Structure formats: C-alpha cells, structure tokens
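Chemist:
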Amino acid sequence: MPHGYSSLARVFRPALFVALVLSALLLSGCFSTRGPRKTERSSSVVSYLYPDQANPLPPTSIPVLRLPLRVGIAFVPGKSDISEQQKTVLLQRVAAEFKGRDYIQSIELVPSTYLRAGGGFANLNQVRSLLGVDVIALVAYDQVQFTSNNLLSLSYWTIVGAYIFSGNKNDTQTLMEAAVYDIASRHLLFRAPGASRVEAGAAAAYVQQRLRTDSTAGFDAATTELITNLKLQLETFRERVKNAPGEVRIEHRPGYTGGGSLGACFASILGLLFLARACTYTHTCTRHRT
Amino acid sequence: MKTTPAAPAHAQPFPWASVCVIAFTLGVAAQPALASTLLYERLALLRGEYWRLWTGHFVHFGSSHLFWNLAIFTVASIWSERLAPARTRLLLVASPGLIGLALFGLEPALATYGGLSGVATSMLVFLSYTQLARLAAPATPNKNEPLASSPTSDRWFWRAVLALVVLKIGAEFALQQPLFTRFAPAGIRAVPLAHLIGVLVATVMHRNLRGFRPRFLPRRTG
Numbered sequence: 000m001p002h003g004y005s006s007l008a009r010v011f012r013p014a015l016f017v018a019l020v021l022s023a024l025l026l027s028g029c030f031s032t033r034g035p036r037k038t039e040r041s042s043s044v045v046s047y048l049y050p051d052q053a054n055p056l057p058p059t060s061i062p063v064l065r066l067p068l069r070v071g072i073a074f075v076p077g078k079s080d081i082s083e084q085q086k087t088v089l090l091q092r093v094a095a096e097f098k099g100r101d102y103i104q105s106i107e108l109v110p111s112t113y114l115r116a117g118g119g120f121a122n123l124n125q126v127r128s129l130l131g132v133d134v135i136a137l138v139a140y141d142q143v144q145f146t147s148n149n150l151l152s153l154s155y156w157t158i159v160g161a162y163i164f165s166g167n168k169n170d171t172q173t174l175m176e177a178a179v180y181d182i183a184s185r186h187l188l189f190r191a192p193g194a195s196r197v198e199a200g201a202a203a204a205y206v207q208q209r210l211r212t213d214s215t216a217g218f219d220a221a222t223t224e225l226i227t228n229l230k231l232q233l234e235t236f237r238e239r240v241k242n243a244p245g246e247v248r249i250e251h252r253p254g255y256t257g258g259g260s261l262g263a264c265f266a267s268i269l270g271l272l273f274l275a276r277a278c279t280y281t282h283t284c285t286r287h288r289t
Numbered sequence: 000m001k002t003t004p005a006a007p008a009h010a011q012p013f014p015w016a017s018v019c020v021i022a023f024t025l026g027v028a029a030q031p032a033l034a035s036t037l038l039y040e041r042l043a044l045l046r047g048e049y050w051r052l053w054t055g056h057f058v059h060f061g062s063s064h065l066f067w068n069l070a071i072f073t074v075a076s077i078w079s080e081r082l083a084p085a086r087t088r089l090l091l092v093a094s095p096g097l098i099g100l101a102l103f104g105l106e107p108a109l110a111t112y113g114g115l116s117g118v119a120t121s122m123l124v125f126l127s128y129t130q131l132a133r134l135a136a137p138a139t140p141n142k143n144e145p146l147a148s149s150p151t152s153d154r155w156f157w158r159a160v161l162a163l164v165v166l167k168i169g170a171e172f173a174l175q176q177p178l179f180t181r182f183a184p185a186g187i188r189a190v191p192l193a194h195l196i197g198v199l200v201a202t203v204m205h206r207n208l209r210g211f212r213p214r215f216l217p218r219r220t221g
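Here you go:
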C-alpha cells in the first residue's frame, strides 16, 4: 500500500466514522427517540358560556320547560382539530338517545359554524331564534395524548426498525361531557360525563397515524359511556321534576297531539279479571248442580 | 251468588250499531287518506268542520293503538248492545260528539286528537253499570231492554272493572303520562280527559235514561 494512501486513510477514517454516526443520529432523529410528548385538544363549557366572568352569577328564575321540547345538540367551540364529520357522527349518536321520547318534539344538530368561541348565552339565544330550540345539550371534551418510547425504540437506530418495531407507546385519555341547558332561564338542567382510555403501541414511522386512530377510538368509547350516563341522568332528571315540582316548571306547548289509548297492559289486566270471573262462575255453577 | 240463566241467544238483539262502528274504524285504518279529513283538528274545527268532533275518535296513530282500543271497544260495545240496545246505541252516537266537544272546550292546547279509547271507556263503564244494575234488581224485567232480568256476572268483577278504569284515569292525570300504554309515534301524549268524559257520559246515560227507547220505535211487549 502506498504511504500516501495510508496517511490519507488515517486522516479520513475518524471523519468517516463521525459522519456515519451523525447521519445515523440525524436519520433516527426523524423518528421519535425523544422523551414523552403530549398533545391536547379540549373545549370548555365554562369558557364558552362565561368567557369574561370569574364568578358567574347563578340564574334566579325557575326554568319553564314547555313540552314537547325542541332540543339542540352542539359541540362547544374550542382548541380542536376534530373534523366536522367526526363531530357530526358523535352528535348523531348522542341525538339518537333523545329520539323516540314522547316529551321531545325535535332534535337539531347545531353545526360548529353557528357557535363562536366565548359566545356565551348571547350566542345561544341566537341559535335559539335561528333553529327554534328551547334546550341545548353542549358537548365539551378534553383529550390528552401521550407518546413515550419503550425498549424497542432502540431498534430505530437501524432505520428499518422504525418501520417494524412498536417502540412507541401511545396513551390517549378522553373525557367528554354533555351539559343540558335551558337557554331561556340559563339553567343547567343536568349533565352527563363519559371517559375513556386507549393504550396502543406503534412503530415510529406510524406514530402520527396511530395517534389519530386512537383519538377517534377514544372519542367513540367516551361517547358510548356518555350515552349510558345520559340515559341515567335523563331518568334522574324526570324523577327530580316529579318529586320537586318547584325546581322546574313543566308546561305543555299549545298545539300538541293527543291520543286516546287503552293499551295492551290495560287490556291484559281486564282479560285476567275476566278469566278470574269465568273460573269463579264455572266453579259456582258446578257446585249448584251437585 | 246469583246464577240466573241468561236469555236464549235468539232473543238477544243483533248489535248492528257496534258492528257499524267497528267496520267504520277498520275502514278508516285501511284508508289512511281519510285520516286528514276525519281527525280531530282544532284549527279545522274552528273553520267549521264540526264532523271532526265525532270522527276524530275513529282515526288511530298506529296498528297497536288501533288494535287494543278496538279490542276493548268490540267486547264492551257488543256485550252492552245485546243487554241494553237502545241506550247503547244512543251512547254510541252521543259519546264521541260529547267527548270531542269537551276536548274542544276544556283542552285548548290540544291541536290534534285521535283514538277510540274515550268511547271504549264509555262503553266499558256503561256495561259495568248495566251489569251491576241487573244484579241489584234481577226480578223486574224492563220492557225496552228484554234481557235486563238475567244477570250472568258477579258484582266483584264489574266493581273491579270500574275501579281499574278510575285508577287508570286518576294515575294518568296525576303522572301526566299514560299509565298502561306508550304511543309508537313519538310526541303523542295521552289525553286522560277523553277517558274521564267517557266515564261521565256513561254515568249520565245510565242514571238518567234507564228504560230509554226512542218514541218512533214500537215498544216491546213481554
């Protein structure tokens, strides 16, 4: 080997090594090898309804609910990257819970464009006039996503490992809440929460995609729990109205549809009575004959 | 217990009025287009379409609504018409109109109404009264109602039927919701006032028109 070449190699070998290490670091830096990361998306009923009030005054008038009710459902505007389509799907699921109840006349899904951040009751009154709703269910959410590395993330140094091994651990925690307000009296009628936690692993190359999937799954699971609690709260509210009529006044809207119905249960009780009578009658006749 | 044998079947009048009402109700159900013309609608009544006071009762909001109302009406009305034909027929003519009129006067918030239950309640209560009266006075036959002296039922049963009707109406008024029933279409409320008026009409008919027979019809002898 010529002398000149060996001295050149001696000079460049460490440089080559450093270059290789740097390029590996730079490439792996494209993937997630840093500490835990946090993504948050949320909206708040309080900041929407009382944007500039530290101590909002409680409403003084008694809410008057005129049955059957016209209900609106809306997502509270907030810092979010949830698509309008996703919001609509979630709202439709909540709306389905209200449908088919004889004290509810109609349910309107209020698009996000109708509500502005910090709009308060003034904004709700606009919605009330525009869409003709009496009561609104405001759906707020708080979703936090954490991403951290586990031992498998060491495989990211190989670059290929970043596509194969799930070296990232995602944790998605979602809290949703539906607060049902009587717009006219500004009273909170009832509220129902729903929470979920989704944990999943992902390879570095697919972390963002996985986080989006987890976010959707988190909202879905939280909505399912929200719906269960909503049913419960709705029944509790009905009982509360019955037991404490001073708390909420119920009136019937002029122009309701009424039906005269005796029903299967009433007919069945009558049938049972008739059967009992027939048995007694037959028994007495038999005794008379003997 | 009184067990006087019932009159022979050939002596019992054919319940043609009840059959006509049943046929009409089924006809209306089979032709839904008729509902808009016959349904009790407050605005239409204010426009002068007074027939709706009568005909609204024969329009129903679903097959279940129709079935159970008609089931009770059929039994009560046919039985009642065979026992007391003249008064039952008068009740069949009067009660729909009187119930409709009462709803119009006393329930101004009621925009639309349908269902035979008010009339069926009226018939059921009238039948119970008639049976109780027959059990109380079995020996005096009524010329106009030839079967009046043949009780076939027990007092406890008819009293229980009356109690059940009263309980249902009372509970519906108190709870502001139907006690034993649920409407298939959402947004339809039960109207216990219709049942209450039905009971009142039957009570008045029973108490004040015993032995009633229209003058233009020949009196039965024996």
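Line by line, the protein sequences give chains X and H. Take 0 as the starting number for the first sequence in numbering that gives the first Met the number 0 and just add one per residue. Take 0 as the starting number for the second sequence in numbering that gives the first Met the number 0 and just add one per residue. Virtual Cβ for every residue (Gly too), placed ideally from N, Cα, C. Because the structure is a prediction, the values reported are computed rather than measured.
(1) Which residue's Cα is closest to the Cα of G259(X): V20(H), Y128(H), G169(H) and G55(H)?
(2) Tell me which residues share the same chain as Y128(H) and place their Cβ nearer than 6 angstroms to its Cβ, disregarding the 5 neighbours each side in the sequence.
(3) Which residues in chain X sit within 7 angstroms of F60(H), going by Cβ to Cβ distance?
(4) Where does T59(X) fall in DSSP's three states?
(5) Looking at chain C, is there any beta carbon in it that lies within less than 8 angstroms of the beta carbon of V92(H)?
(6) For N148(X), list the residues DSSP reports as bridge partners.
(7) Do you know offhand how far F182(H)'s Cα is from I163(X)'s?
(8) Work out the CA separation of S76(H) and L123(H) for me, nearest whole Å.
(9) Is L269(X) helix, strand or coil by DSSP?
(10) In terms of residues, what are the limits of the beta strand (DSSP E) holding E107(X)?
(11) Using 8 angstroms as the limit for Cβ to Cβ distance, is G262(X) near chain H?
(12) Using a beta-carbon distance below 8 angstroms, is A293(X) in contact with chain H?
(13) Please report how far the alpha carbon of L65(H) lies from the alpha carbon of L52(H), in whole angstroms.
(14) Within this structure, are the beta carbons of R40(X) and K78(X) separated by less than 8 angstroms?
(15) I'd like to know if the segment 134 to 150 of chain X and the segment 43 to 59 of chain X are in contact, where contact means that at least 3 CB-CB pairs between them fall below 8 angstroms.
(16) What separation, rounded to the nearest whole angstrom, lies between the Cα atoms of S149(H) and E80(H)?
(17) At least one CB of chain X closer than 8 angstroms to the CB of G114(H): is that the case?
(18) Taking only beta-carbon positions, decide if H64(H) is within less than 8 angstroms of chain X.
(19) Answer with buried or exposed for I196(H), where buried requires no fewer than 16 other C-beta atoms within 10 angstroms of its C-beta.
(20) Tell me whether the segment 166 to 180 of chain X and the segment 224 to 243 of chain X touch, counting them as touching only if at least three CB pairs, one residue from each stretch, are closer than 8 angstroms.
(21) Determine, for T305(X), whether the minimum Cβ-Cβ distance to residues of chain H falls below 8 angstroms.
(22) Would you please state the rounded distance, in angstroms, between the beta carbons of E107(X) and V132(X)? I believe it to be under 8 angstroms.
(23) Is there a Cβ of chain H sitting closer than 8 angstroms to that of F265(X), yes or no?
(24) Output needed for L68(X): all residues of its chain with C-beta closer than 7 angstroms, excluding positions within five of it in sequence on either side, in chain order.
(25) Looking at C-beta atoms only, is the number of pairs between the segment 145 to 155 of chain X and the segment 112 to 126 of chain X that lie closer than 8 angstroms three or more?
(26) Between which two residues does the alpha helix (DSSP H) carrying G197(H) extend?
(27) On the DSSP bridge list, what partners appear for Q172(X)?
(28) Is there contact here, the segment 267 to 281 of chain X with the segment 24 to 43 of chain H, by at least three beta-carbon pairs under 8 angstroms?
(29) Rounded to whole angstroms, what is the Cα-Cα separation between A173(H) and R188(H)?
(30) According to DSSP, D133(X) sits in a beta bridge with which residue or residues?
(31) Below 7 angstroms on C-beta distance, what does F156(H) contact in chain X?
(32) Using a C-beta cutoff of 8 angstroms, does P62(X) count as contacting chain H?
(33) Any idea which residues DSSP pairs R154(H) with across the strands?
(34) Are L192(H) and L89(H) close, meaning C-beta to C-beta below 8 angstroms?
(35) In whole angstroms, give me the CA-to-CA distance for L210(X) and R65(X).
(36) Looking only at its chain, what residues have a beta carbon closer than 6 angstroms to the beta carbon of C19(H), apart from the 5 residues adjacent to it on each side?
Modeler: Taking the definition as stated:
(1) The count along the first sequence starts at 1 and reaches residue 259(X) at position 260. Nearest of V20(H), Y128(H), G169(H) and G55(H) to G259(X), Cα basis: G55(H).
(2) Indexing the second sequence from 1 puts residue 128(H) at position 129. Only H205 meet the Cβ criterion.
(3) Position 61 of the second sequence, counted from the start, is the residue given in the question as residue 60(H). Correct list: G258.
(4) In the first sequence, the residue the question calls residue 59(X) occupies position 60. Looking at T59(X) - three-state DSSP - the assignment turns out to be coil, as it is neither helix nor strand.
(5) In the structure shown, chain C does not exist; the protein chains are X and H.
(6) Taking the first sequence and counting its residues from 1, the one referred to as residue 148(X) is at position 149. Looking at the DSSP assignment, N148(X) forms a beta bridge with N167(X).
(7) Within the second sequence, the letter at position 183 stands for residue 182(H). Within the first sequence, the letter at position 164 stands for residue 163(X). Since pLDDT at F182(H) reaches only 46, below the 50 mark, its modelled position is unreliable, and the value read off the structure follows with that caveat. Taking the straight line joining both Cα atoms gives about 58 angstroms.
(8) The residue labelled residue 123(H) in the question sits at position 124 within the second sequence. The residue labelled residue 76(H) in the question sits at position 77 within the second sequence. Roughly 7 angstroms separates the two Cα atoms.
(9) Taking the first sequence and counting its residues from 1, the one referred to as residue 269(X) is at position 270. DSSP places L269(X) in helix when its eight states are reduced to three.
(10) Start at 1 with the first residue of the first sequence, and residue 107(X) comes out as number 108. Where E107(X) is concerned, the enclosing beta strand (DSSP E) stretches over I103 to L108.
(11) Here residue 262(X) refers to the residue found at position 263 when the first sequence is read from its first residue. True, the Cβ-Cβ gap to chain H drops below 8 angstroms.
(12) Here chain X has residues from 0 to 289 only, and residue 293(X) is not among them.
(13) The residue labelled residue 65(H) in the question sits at position 66 within the second sequence. The residue labelled residue 52(H) in the question sits at position 53 within the second sequence. Going by the C-alpha atoms only, they are around 18 angstroms apart.
(14) Walking along the first sequence from the start, residue 40(X) turns up at place 41. Walking along the first sequence from the start, residue 78(X) turns up at place 79. Contact: yes.
(15) yes
(16) Taking the first residue of the second sequence as position 1, residue 149(H) is located at position 150. Taking the first residue of the second sequence as position 1, residue 80(H) is located at position 81. Here the model assigns S149(H) a pLDDT of 46, short of 50, so the residue's position is not dependable, and the following value carries that caveat. When rounded, the distance between both Cα atoms is 15 angstroms.
(17) For the purposes of this step, residue 114(H) is taken as residue 115 along the second sequence, with counting starting at 1. So, interface residue.
(18) Taking the second sequence and counting its residues from 1, the one referred to as residue 64(H) is at position 65. Yes, its Cβ sits closer than 8 angstroms to a Cβ of chain X.
(19) To locate residue 196(H), count along the second sequence from 1; it is residue 197. With 16 or more Cβ atoms within 10 Å of its Cβ, I196(H) is classed as buried.
(20) yes
(21) With chain X represented from 0 up to 289, any question about residue 305(X) goes unanswered, as that position is not in the structure.
(22) Stepping through the first sequence from its first residue, residue 107(X) is reached at position 108. Stepping through the first sequence from its first residue, residue 132(X) is reached at position 133. So it is a contact: roughly 6 angstroms between Cβ atoms.
(23) For the purposes of this step, residue 265(X) is taken as residue 266 along the first sequence, with counting starting at 1. Taking Cβ atoms only, chain H reaches closer than 8 angstroms to F265(X), which makes this a yes.
(24) Working through the first sequence from its first residue, we reach residue 68(X) at position 69. Around L68(X): Y102, I103, Q104, D133 and V134.
(25) no
(26) Position 198 of the second sequence, counting from 1, holds the residue named residue 197(H). From DSSP, the alpha helix (DSSP H) with G197(H) extends over P191 to N207.
(27) Translated into the one-based positions of the first sequence, residue 172(X) becomes position 173. According to DSSP, which records beta bridges pairwise, Q172(X) is partnered with V143(X) and R196(X).
(28) no
(29) Working through the second sequence from its first residue, we reach residue 173(H) at position 174. Working through the second sequence from its first residue, we reach residue 188(H) at position 189. Roughly 14 angstroms between the two C-alpha positions.
(30) Here residue 133(X) corresponds to residue number 134 of the first sequence, with the count starting at 1. In the DSSP output, where bridge partners are listed per residue, D133(X) has none listed.
(31) Stepping through the second sequence from its first residue, residue 156(H) is reached at position 157. By Cβ distance, chain X contributes L272 and R276.
(32) Indexing the first sequence from 1 puts residue 62(X) at position 63. Taking Cβ atoms only, chain H never reaches closer than 8 angstroms to P62(X), which makes this a no.
(33) One-based indexing of the second sequence puts residue 154(H) at position 155. The partner list for R154(H) (beta bridge, DSSP) is empty, contrary to what the question assumes.
(34) As a working note, residue 192(H) is residue 193 in the second sequence. As a working note, residue 89(H) is residue 90 in the second sequence. Contact: no.
(35) Looking up residue 210(X) in the first sequence gives position 211. Looking up residue 65(X) in the first sequence gives position 66. Cα to Cα, the separation comes out at about 44 angstroms.
(36) The sequence position of residue 19(H) within the second sequence is 20, counting from 1. Hits under 6 angstroms: none found.
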